[in-house]
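Number of protein chains: 2
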Amino acid sequence: MSHDLDIVDKLISLMSSGKYNAHDRLPSENEIADTYEVPRITARKAYERLEEMGYIYKKQGKGSYVKDRYQQIELVLTGDVSFSQKMIEKGYDFQSKTIFCQEIKYNKKIYNYLETTKEDKIFKVGRLRYIDRQPIALHVSYLAKSVFEDIDDVGRDITSMFQYYHSKGYTQFDSKPSVLSVSFPTASQRTLFNCPHLIPLLVLESGCMDKKTGKVLEYLKIYYRSDCFSYVLC
Amino acid sequence: MSHDLDIVDKLISLMSSGKYNAHDRLPSENEIADTYEVPRITARKAYERLEEMGYIYKKQGKGSYVKDRYQQIELVLTGDVSFSQKMIEKGYDFQSKTIFCQEIKYNKKIYNYLETTKEDKIFKVGRLRYIDRQPIALHVSYLAKSVFEDIDDVGRDITSMFQYYHSKGYTQFDSKPSVLSVSFPTASQRTLFNCPHLIPLLVLESGCMDKKTGKVLEYLKIYYRSDCFSYVLC
DNA sequence: CACAGCCAACTTGGCAACAAGTTATGCTCA
DNA sequence: TGAGCATAACTTGTTGCCAAGTTGGCTGTG
Numbered sequence: 001m002s003h004d005l006d007i008v009d010k011l012i013s014l015m016s017s018g019k020y021n022a023h024d025r026l027p028s029e030n031e032i033a034d035t036y037e038v039p040r041i042t043a044r045k046a047y048e049r050l051e052e053m054g055y056i057y058k059k060q061g062k063g064s065y066v067k068d069r070y071q072q073i074e075l076v077l078t079g080d081v082s083f084s085q086k087m088i089e090k091g092y093d094f095q096s097k098t099i100f101c102q103e104i105k106y107n108k109k110i111y112n113y114l115e116t117t118k119e120d121k122i123f124k125v126g127r128l129r130y131i132d133r134q135p136i137a138l139h140v141s142y143l144a145k146s147v148f149e150d151i152d153d154v155g156r157d158i159t160s161m162f163q164y165y166h167s168k169g170y171t172q173f174d175s176k177p178s179v180l181s182v183s184f185p186t187a188s189q190r191t192l193f194n195c196p197h198l199i200p201l202l203v204l205e206s207g208c209m210d211k212k213t214g215k216v217l218e219y220l221k222i223y224y225r226s227d228c229f230s231y232v233l234c
Numbered sequence: 001m002s003h004d005l006d007i008v009d010k011l012i013s014l015m016s017s018g019k020y021n022a023h024d025r026l027p028s029e030n031e032i033a034d035t036y037e038v039p040r041i042t043a044r045k046a047y048e049r050l051e052e053m054g055y056i057y058k059k060q061g062k063g064s065y066v067k068d069r070y071q072q073i074e075l076v077l078t079g080d081v082s083f084s085q086k087m088i089e090k091g092y093d094f095q096s097k098t099i100f101c102q103e104i105k106y107n108k109k110i111y112n113y114l115e116t117t118k119e120d121k122i123f124k125v126g127r128l129r130y131i132d133r134q135p136i137a138l139h140v141s142y143l144a145k146s147v148f149e150d151i152d153d154v155g156r157d158i159t160s161m162f163q164y165y166h167s168k169g170y171t172q173f174d175s176k177p178s179v180l181s182v183s184f185p186t187a188s189q190r191t192l193f194n195c196p197h198l199i200p201l202l203v204l205e206s207g208c209m210d211k212k213t214g215k216v217l218e219y220l221k222i223y224y225r226s227d228c229f230s231y232v233l234c
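From first to last, the protein sequence lines are chains S and A. Under UniProt numbering, the letters of the first sequence match residues 1 to 234, in that order. Under UniProt numbering, the letters of the second sequence match residues 1 to 234, in that order.
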């Protein structure tokens with residue numbers, strides 16, 4: 001017991017065990033250094049990590065405090081029902097905001113996925129999802145202009161993707177296989193989510209097809225703050 | 001562009017874009033400090049973070065180098081087929097080692113899940129999974145002694161859980177709903193996985209029931225190194 | 001020329017001293 | 001007595017210096 005990561009573990013277990021509660025003041029860096037018999041710099045590093053992991057916040061001249069962790073929202077990972085509908089059904093204070101709609105430069109993977117050619121244009125539509133006014137998920141939909149002619153005009157006004165599909169005459173859908181992975185937020189994602197760097201994001205890649213024709217309508221990438229959710233598979 | 005996290009982002013994008021490849025030597029801390037016009041301590045912090053995220057390794061007196069990232073193994077998240085079978089079918093160099101089998105102290109959640117009482121004993125069986133000799137997943141099975149009388153004797157010899165079930169007369173199974181979450185490894189998990197602290201773990205909680213009687217046989221918790229896998233949902 | 005050894009110029013690692021911010025106490029003065 | 005200000009004792013934040021490790025080139029010697 002001497003490395004800073006050991007102290008991180010220790011403090012996390014003390015916080016989750018209830019020894020320290022939300023907004024409690026933690027021991028000062030010097031106290032930590034004394035109790036664990038390490039130089040202050042080690043105690044300090046431990047606190048810096050905890051801050052980046054979203055467990056604590058610090059106030060210069062005052063001390064370090066336990067952060068209020070977000071509630072764990074149960075999220076069912078299936079493609080059939082829209083995200084907003086799921087959230088509203090569960091009774092959450094849900095909001096959604098479309099934050100961008102812009103053309104992307106050529107990208108082999110996405111163009112192949114949408115079964116389109118280099119001559120086509122593809123737009124990405126970003127929608128930020130809020131629960132209790134906190135941004136907790138980012139949906140990025142990639143749509144081809146050859147399929148959705150007016151996407152560059154109306155993209156920023158889309159609130160529900162399914163509604164938009166309906167207005168284009170697509171009424172029944174198949175979901176393509178979903179791929180899950182974990183990543184860390186980039187600078188812009190950190191800004192959007194207003195979150196520390198070391199909060200991992202759960203990334204869900206999927207797609208949507210028209211059931212009748214089999215045409216690929218959308219390539220979808222969803223980024224979830226992993227500290228806000230637990231995910232239920234069926 | 002001045003914070004250490006911005007430099008982390010920048011370097012990650014340079015590495016993934018192919019500007020720096022595996023085992024390439026990265027600019028020294030001082031060079032980073034000069035190019036981004038920050039004090040060396042900032043450059044240093046950025047490198048420390050990258051090291052803990054598993055992107056780079058450092059050699060004192062020599063420099064910092066790009067780490068060989070693990071291949072992404074596609075893992076299908078369904079409870080029907082055993083983990084080892086899936087891996088072997090895909091042609092991976094797969095190994096499994098049972099590393100512990102011990103009684104746990106009373107824990108309400110697990111006891112309830114296994115539908116047993118405080119008088120019962122519950123054992124946890126830990127199996128570490130290797131691919132290409134690298135530990136990449138930890139399976140922890142919780143089994144009740146009332147269901148598996150000889151678990152404390154033979155627990156350490158179990159290689160396949162399904163085989164063990166068969167030997168007890170259970171032949172057909174139902175999988176309970178799976179819950180997914182993300183966490184960071186504890187000290188012991190870090191030792192087992194031989195990994196830096198900031199590699200997130202994907203945690204899959206599930207259970208196994210006997211199809212005929214509906215009896216809950218097992219509470220299962222699987223920890224996957226998130227940097228080794230991409231997960232496919234069906 | 002060949003080779004051994006030394007030294008200088010890099011690298012990362014660690015730490016101590018100082019800076020800045022906050023608070024509480026106690027002193028001064030009306 | 002009471003209000004206000006100075007100060008001391010904490011807190012976290014920052015920086016710069018030196019130690020330790022590695023490399024490669026230069027130099028002296030056979």
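Backbone N, C-alpha and C define an ideal beta-carbon position, used for all residues, glycine too. Since the model is a prediction, treat every value here as computed from it, not as a measurement.
Which residues does DSSP pair with residue i in a beta bridge?
i                 : result
Thr213 of chain S : DSSP output for Thr213 of chain S lists no bridge partner at all.
Thr98 of chain A  : A:Arg127
Pro135 of chain A : A:Tyr130
Asp174 of chain S : S:Met209
Glu218 of chain S : S:Cys208
Arg40 of chain A  : None, per the DSSP bridge assignment.
Ser141 of chain A : A:Val125, A:Leu220
Leu201 of chain S : S:Ser183, S:Arg225
Arg25 of chain A  : A:Tyr65
Checking contacts by CB at 8 Å: is residue i closer than that to chain A?
i                 : result
Ser230 of chain S : yes
Leu14 of chain S  : no
Leu114 of chain S : no
Pro39 of chain S  : no
Asp9 of chain S   : yes
Thr98 of chain S  : no
Asp6 of chain S   : yes
Phe193 of chain S : no
Pro200 of chain S : yes
Ala137 of chain S : no
Val182 of chain S : yes
Leu233 of chain S : yes
Ser178 of chain S : yes
Ser17 of chain S  : no
Does the CB of residue i have a neighbour CB from chain S at under 8 Å?
i                 : result
Ser82 of chain A  : no
Ala46 of chain A  : no
Met161 of chain A : no
Met53 of chain A  : yes
Thr186 of chain A : yes
Leu77 of chain A  : yes
Put residue i into one of helix, strand or coil per three-state DSSP.
i                      : result
Leu11 of chain A       : helix
His166 of chain A      : helix
Ile122 of chain A      : strand
Glu48 of chain S       : helix
Lys67 of chain S       : coil
Met1 of chain S        : With a pLDDT of only 48 at Met1 of chain S, under 50, the local geometry of the prediction cannot be trusted, and the value read off the model is given with reservation. Coil, per DSSP.
Tyr224 of chain S      : strand
Phe229 of chain A      : strand
Glu103 of chain S      : strand
residue 235 of chain S : Nothing can be reported for residue 235 of chain S, as the shown portion of chain S is limited to 1 through 234.
Tyr111 of chain S      : helix
Val154 of chain S      : helix
Glu149 of chain S      : coil
Asp6 of chain S        : helix
Ile34 of chain A       : For clarity, residue 34 of chain A is Asp in the given sequence; the question names Ile instead. In the structure shown, Asp34 of chain A sits in a helix (DSSP, three-state: H, G or I).
Ser17 of chain A       : coil
What are the boundary residues of the alpha helix (DSSP H) that residue i is part of?
i                 : result
Ser178 of chain A : Careful: Ser178 of chain A lies outside any alpha helix (DSSP H), inside the beta strand (DSSP E) at 178-183.
Leu192 of chain A : 187-193
Ser84 of chain A  : 83-89
Among the options, which residue has its Cα nearest to the Cα of residue i?
i                 : options                                : result
Leu192 of chain S : S:Lys176, S:Ile99, S:Leu180, S:Lys211  : S:Ile99
Tyr224 of chain S : S:Ile73, S:Asp152, S:Glu37, S:Lys67    : S:Ile73
Ile210 of chain A : A:Gln172, A:Phe123, A:Ala144           : Reading off the sequence, residue 210 of chain A comes out as Asp, not Ile. The option with the nearest alpha carbon to Asp210 of chain A is A:Gln172.
Gly214 of chain S : S:Arg127, S:Val147, S:Gly18            : S:Val147
Gly169 of chain A : A:His139, A:Lys145, A:Leu202, A:Lys212 : A:Lys212
Ile7 of chain A   : A:Asp24, A:Ile32, A:Asn21, A:Tyr20     : A:Ile32
Ser64 of chain A  : A:Pro39, A:Val76, A:Glu48              : A:Glu48
Locate the beta strand (DSSP E) running through residue i, then write down its first and last residues.
i                : result
Leu59 of chain A : As written in the sequence, residue 59 of chain A is Lys, which differs from the Leu given in the question. That run of the beta strand (DSSP E) goes 56-59.
Ile73 of chain S : 73-76
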